[in-house]
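Protein chains in written order, with our numbering: chain W, 491 to 871; chain U, 2 to 176.
C-beta: ideal position from N, C-alpha, C; glycine also.
Worksheet: one structure, shown below.
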Amino acid sequence: MTSPKPRFTFEAPPPKIVLLPDAQFFTRVVPVGDAGTAVDVATQAELALEALAPFPLAQMYHGHFWKEGAKHALIYAAYRKRFTTDQAEDWTDAEVAMPSFAAVLKANVGRATTLVLNGGESLTAVHWNDADDVPASVTTRVLPPEASDAERTAARDELLRAAGESVKVEDVDVLPAYDPESDDGDIAFRAGRVTAAFTREALDAVDVRDKEDMAARRRGRSRDLLLWRIFLGSVAAIVFALVLELATIGGKFWQKGRVALVNQRAPMVAEINKANDLATRIEELSTKRLLPFEMIDLVKSKQPPSVVFTRVTATSEALYTLDVRGQTNVPNDIVAYQSLLNGLPEVQEVTVVEQDSRGGLTTFRLKVVFKDGAVKPDIQS
Amino acid sequence: MKAFFLSRAVREKILMVALVVAAAAMWLSGAGKRAGKLWREVRNTSFDLKEQVVVLGQKDDIEARTKAAGERFDRSRTFDQVRLQSEINTIANAAGLGAKTNISGAPGERSNQLAVNSAQVSITGADYEAVGRFYTEVQKRAPYIGIEQFDLLASPPNSPNLRQTLRISSFEIAK
């Protein structure tokens with residue numbers, strides 16, 4: 491009894507790989523000279539295909555293989571009508587659609603090596619002259635379904651002869667398949683002992699589907715990558731928020747101890763501050779005496795006959811300032827009085843703070859500031 | 002995780018991103034506010050602690066200053082709240098203002114060794130000479146008694162009847 495399939499899992503499903511029959515494709519190796527980039531090679535491969543193929547490019551599924559530093563590119567194409575519409579529909583959500591032999595094109599091989607892929611109904615020989623270049627030839631022989639071992643051996647020998655001299659021949663009896671265990675590249679394939687890892691860009695080149703569709707897929711991948719980065723950034727933000735939250739919780743405990751210390755010290759500190767304030771106040775009370783009558787005597791000494799005082803105030807906070815309110819029926823006497831007071835040696839400044847005339851009577855308020863220590867007490871204690 | 006994410010349909014990817022972005026924004030905003038509040042509290046507490054350390058460090062100096070303030074004066078001539086009001090009453094009577102004077106206690110300050118006591122004095126219907134005599138007697142008791150607020154009002158203007166309000170303070174040195 492099998493266990494039921496879980497409804498949700500974080501495991502990604504394996505990518506959908508479509509490997510097409512090798513026999514449907516014709517292959518050529520074309521020189522690309524010192525083509526610098528994969529884009530240049532793609533252009534040269536399309537031009538070569540247009541020259542070599544019997545059909546326009548739009549009527550073919552085609553791809554190419556090239557690797558950095560190679561002097562040649564392997565191009566391959568198949569007539570579209572060799573595949574049904576249903577088959578082509580099935581490729582749309584695949585990660586890659588390519589001939590089976592393309593899965594081993596990035597295999598690490600030595601010079602003069604031939605891989606013989608046994609595809610059941612066909613045999614494909616992939617031959618490298620130079621390990622640093624692309625395969626020098628890819629040849630396929632179709633076998634009848636009921637082919638005997640002798641026929642298979644004969645076909646193999648024929649393929650090897652056509653490939654040229656081989657130092658090493660590796661027979662691969664299983665079809666290449668996606669290798670989920672490999673960490674190399676974006677997608678890796680395994681065929682027997684042969685492994686090949688492709689980057690996403692290299693897979694796009696070997697893919698035979700419509701190039702416009704491939705461009706749309708690339709745009710989709712860019713969008714997905716952006717979404718992934720936003721997702722990852724948000725997850726990082728959540729982790730940061732979690733750390734911040736934990737730090738805040740820890741910080742609150744620490745802060746609680748500090749607040750307790752402040753509260754514990756507060757009464758003692760308040761007592762010291764109060765003692766300090768009182769000492770200051772007593773010093774001021776004993777040394778800085780408010781002398782309002784002495785200040786009144788000084789301002790009265792220059793008082794014009796028309797001026798009458800209505801209110802006089804003074805406070806110990808402004809020890810040498812007398813606030814005088816009065817009234818007169820001769821407004822000019824206020825200015826004259828201000829001048830006379832300013833002339834007193836004990837006075838620092840006289841300011842008319844308010845002045846208001848009503849019904850022939852002018853009320854005013856003077857702020858008289860005396861110089862520090864200029865006003866002496868009449869009575870010594 | 003990346004492979005899982007990338008293998009999802011576009012709408013699922015967008016939904017996952019939207020959910021994670023919303024969760025991150027909400028949580029980060031809340032955590033930021035809480036951390037900011039704690040940071041301000043920590044800063045204020047640090048300031049309080051520093052201030053307390055400074056005050057506690059000055060404790061000996063302040064006590065010495067308080068003691069010195071007390072030693073400069075004759076403790077027997079200082080006035081507590083009751084004696085202050087009694088003394089003001091005596092002065093008012095001597096100046097002939099006993100019936101025209103109201104005396105009430107005003108808030109003072111007190112520590113272990115020192116106290117400042119205050120009284121609010123209101124004299125009504127007095128002439129200038131009488132309030133002058135009262136003032137002279139108060140000044141004779143300086144520095145043990147002092148005037149902190151002075152307000153002399155002629156009501157009505159040019160009238161010989163004056164209304165005077167004073168806040169008189171004294172200090173007290175404890176045994």
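Beta-carbon spacing of residue i, residue j below 9 Å
i: A528(W); j: A695(W); result: yes
i: A43(U); j: V759(W); result: The sequence given here has Val at residue 43(U), not Ala. No. Outside cutoff.
i: I124(U); j: T91(U); result: no
i: F515(W); j: A597(W); result: no
i: N118(U); j: S170(U); result: yes
i: S796(W); j: T818(W); result: yes
i: A667(W); j: A737(W); result: no
i: L547(W); j: I565(W); result: no
i: V606(W); j: V662(W); result: yes
i: T805(W); j: P144(U); result: no
i: F172(U); j: F80(U); result: yes
i: P505(W); j: I677(W); result: yes
i: D512(W); j: S638(W); result: no
i: V132(U); j: L98(U); result: yes
i: V957(W); j: E655(W); result: Missing from the structure shown is residue 957(W); chain W here goes from 491 to 871 and no further.
i: D787(W); j: T137(U); result: no
i: A602(W); j: K658(W); result: yes
i: Y551(W); j: R651(W); result: no
i: E110(U); j: L780(W); result: no
i: I762(W); j: Q59(U); result: yes
i: L595(W); j: V616(W); result: yes
i: V599(W); j: W581(W); result: no
i: A543(W); j: F555(W); result: no
i: L693(W); j: G609(W); result: no
i: K584(W); j: I507(W); result: It is worth fixing the name first, because residue 584(W) is Ala in this sequence and not Lys. Their beta carbons are under 9 Å apart, which means A584(W) touches I507(W) by this criterion.
Buried versus exposed call for residue i [16 or more other C-beta atoms within 10 Å across all chains shown]
i: K14(U); result: buried
i: W40(U); result: exposed
i: T517(W); result: buried
i: R142(U); result: buried
i: R707(W); result: buried
i: N753(W); result: exposed
i: T852(W); result: buried
i: S87(U); result: exposed
i: T533(W); result: exposed
i: Q577(W); result: exposed
i: D862(W); result: exposed
i: P625(W); result: buried
i: L717(W); result: buried
i: A155(U); result: buried
i: I174(U); result: buried
i: M27(U); result: exposed
i: M785(W); result: buried
i: T574(W); result: exposed
i: F5(U); result: exposed
i: R680(W); result: buried
i: G553(W); result: buried
i: L812(W); result: buried
i: S831(W); result: Note that residue 831(W) is Leu in the sequence shown, not Ser. So L831(W) ends up on the buried side.
i: M491(W); result: Confidence at M491(W) is low in this model, with a pLDDT of 45, below 50, so the placement of that residue is unreliable and no value is reported for it.
i: T689(W); result: exposed
i: N94(U); result: exposed
Expected contact under 8 Å - CB spacing of residue i and residue j to nearest Å
i: R36(U); j: L734(W); result: As written in the sequence, residue 36(U) is Ala, which differs from the Arg given in the question. Contact flag correct, Cβ pair sits at about 5 Å.
i: A120(U); j: G106(U); result: 6 Å
i: E844(W); j: V859(W); result: Wrong, their Cβ atoms sit about 16 Å apart, outside the cutoff.
i: T803(W); j: F151(U); result: 6 Å
i: D697(W); j: M704(W); result: 6 Å
i: F799(W); j: V814(W); result: 6 Å
i: V1(U); j: I104(U); result: Here chain U comprises residues numbered 2 to 176, so residue 1(U) is not present and cannot be evaluated.
i: A750(W); j: L29(U); result: The Cβ separation is near 31 Å, so there is no contact.
i: N766(W); j: I63(U); result: 5 Å
Does the count of Cβ pairs from the stretch 643-660 of chain W and the stretch 582-592 of chain W closer than 8 Å reach three?
Not touching, per the Cβ criterion.
Tell me, please, whether the stretch 822-832 of chain W touches the stretch 759-778 of chain W by the rule of three or more beta-carbon pairs shorter than 8 Å.
As far as the Cβ criterion goes, the stretch 822-832 of chain W does not touch the stretch 759-778 of chain W, which means the pair count is below three.
Positions along the stretch 38-53 of chain U whose CB lies within less than 7 Å of some CB in chain W
Result list: L39, E42, V43, T46, D49, L50, Q53.
Given a limit of 9 Å on CB to CB distance, which residues of the stretch 102-124 of chain U reach chain W?
Along the stretch 102-124 of chain U, the positions whose C-beta sits under 9 Å from a C-beta of chain W are E110, R111, S112, N113, Q114, L115, A116, V117, read in chain order.
Three CB pairs or more closer than 8 Å across the stretch 722-729 of chain W and the stretch 541-559 of chain W
The answer is no - the stretch 541-559 of chain W does not touch the stretch 722-729 of chain W, with fewer than three Cβ pairs under 8 Å.
Short-range partners of chain C found in the stretch 689-719 of chain W, where Cβ spacing is below 9 Å:
No chain C appears in this structure, whose protein chains are W and U.
What residues in the stretch 149-175 of chain U have a beta carbon less than 7 Å from any beta carbon of chain W?
Residues passing the 7 Å Cβ filter: E149, Q150, F151, D152, L153, L154, A155, P158, N159, S170, F172.
What residues from the stretch 779-807 of chain W come within 7 Å of chain U, judged by C-beta to C-beta, listed N to C?
From the stretch 779-807 of chain W, only R779, L780, P782, F783, V798, F799, T800, R801, V802, T803, A804, T805, S806 have a Cβ closer than 7 Å to chain U.
Give, in chain order, every residue of the stretch 83-104 of chain U whose Cβ lies closer than 9 Å to some Cβ of chain W.
Within the stretch 83-104 of chain U, no residue qualifies.
Short of 7 Å Cβ to Cβ, which residues in the stretch 810-842 of chain W face chain U?
Flagged, chain order: Q817.
Please list, in chain order, the residues of the stretch 668-688 of chain W that have any C-beta partner in chain U closer than 9 Å.
For the stretch 668-688 of chain W, the beta-carbon criterion of a distance under 9 Å to any beta-carbon of chain U is satisfied by none of its residues.
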